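Shown next, in structure tokens, is the structure this report addresses.
Residue numbers (our numbering): 21 to 146.
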């Protein structure tokens, strides 16, 4: 699999069934994972609230190398004039401890940067 775009079911907080959009772009130098918040279509935990757990579930299920992972959260535009509801992209940086992702830290990036990263298919460093 070099590319995947699907709705992904995951275990949220307290194992509550949750859903997000999931895009995986496997590149030569890294694997880009983009998780998209589904808002009304997600009955459970948001992707932001369980970023560390969700990253771990995706890496395990799809056999990704955590050292090659570029993990990005996307919040789609919700059709409002309020800034809070506009489309955003964030690279999520994690520390790792005992094989688990911990301490997520969000770095906002522009949509142009997101397109650049996805278009390169992971050929360059972040």
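Glycine included, C-beta positions come from ideal geometry on N, C-alpha and C. Please read all numbers here as calculations on a predicted model, not as lab measurements.
Between residue i and residue j, what straight-line distance do the alpha-carbon atoms span, to the nearest angstrom?
{"i": "residue 145", "j": "residue 136", "result": "Any reading at residue 145 needs caution, since the residue's pLDDT is 41, under 50, leaving its predicted position unreliable; the model's value is listed next. Cα-Cα distance, rounded: 12 Å."}
{"i": "residue 107", "j": "residue 128", "result": "11 Å"}
{"i": "residue 142", "j": "residue 65", "result": "Any answer about residue 142 is weak, because its pLDDT of 46 lies below 50 and its placement is not dependable; what the coordinates show is given next. Distance between the alpha carbons of residue 142 and residue 65 is about 28 Å."}
Quick one: grab the DSSP three-state call for residue i.
{"i": "residue 72", "result": "helix"}
{"i": "residue 29", "result": "strand"}
Grab me the residues of residue i's own chain with a C-beta within less than 8 Å of its C-beta, minus the 5 sequence neighbours each way, in chain order.
{"i": "residue 125", "result": "112, 113 and 114"}
{"i": "residue 51", "result": "44, 45, 84, 85, 88, 89, 90 and 142"}
If you drop the 5 nearest sequence neighbours on each side, which residues of the same chain put their C-beta closer than 7 Å to that of residue i?
{"i": "residue 61", "result": "39"}
{"i": "residue 36", "result": "64 and 65"}
{"i": "residue 76", "result": "120 and 121"}
{"i": "residue 138", "result": "45 and 52"}
Is residue j closer than 7 Å to residue i when the C-beta atoms are compared?
{"i": "residue 54", "j": "residue 92", "result": "yes"}
Exercise. Which runs of the beta strand (DSSP E) spanning at least 3 residues fall entirely within the segment 42-93, listed in chain order?
Worked result: 51-56
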